[in-house]
Amino acid sequence: MKRKQTAPEAPVPAVEFLASQEITQTQCRKCGSEVAGVNGRYACGVCGWVNHWSEGHNALPTTADDDIE
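Quick note, the sequence shown lines up with residues 1 to 69 if you use this note's numbering.
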């Protein structure tokens with residue numbers, strides 16, 4: 001039996017947000033391990049180093065971007 005095709009649903013905000021994220025890689029500045037992060041924000045699981053949030057590739061969302069009521 002064939003299923004009836006329906007029109008695609010509109011993307012939900014979480015899906016739209018995740019689609020705009022990019023996995024990036026670099027070397028840890030403290031121990032040299034290879035680390036991966038999202039949009040240039042990193043945390044090393046080996047030594048605990050993290051880069052400053054402002055070093056990311058894009059601006060972080062503000063509280064005004066939250067649609068929590």
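Heads up, the beta-carbon is just placed ideally off N, CA and C, and yes, glycines get one too.
Pair within 8 Å by beta-carbon distance, I23 and V38
The Cβ atoms of I23 and V38 sit closer than 8 Å to each other.
Run the CB neighbour count on V15, radius 10 Å, all protein chains shown included, and call it buried at 16 or more, exposed below.
Exposed, because fewer than 16 other Cβ atoms sit within 10 Å of the Cβ of V15.
List the endpoints of the continuous alpha helix (DSSP H) containing A36.
Where A36 is concerned, there is no enclosing alpha helix (DSSP H), although the beta strand (DSSP E) it sits in stretches over 34 to 38.
Going by the beta-carbon positions, is the gap between C28 and W53 smaller than 8 Å?
Between C28 and W53, the gap from beta carbon to beta carbon reaches 8 Å or more.
Use the C-beta contact count for V35: other C-beta atoms within 10 angstroms, 16 or more gives buried, fewer gives exposed.
Buried: at least 16 other Cβ atoms inside 10 Å.
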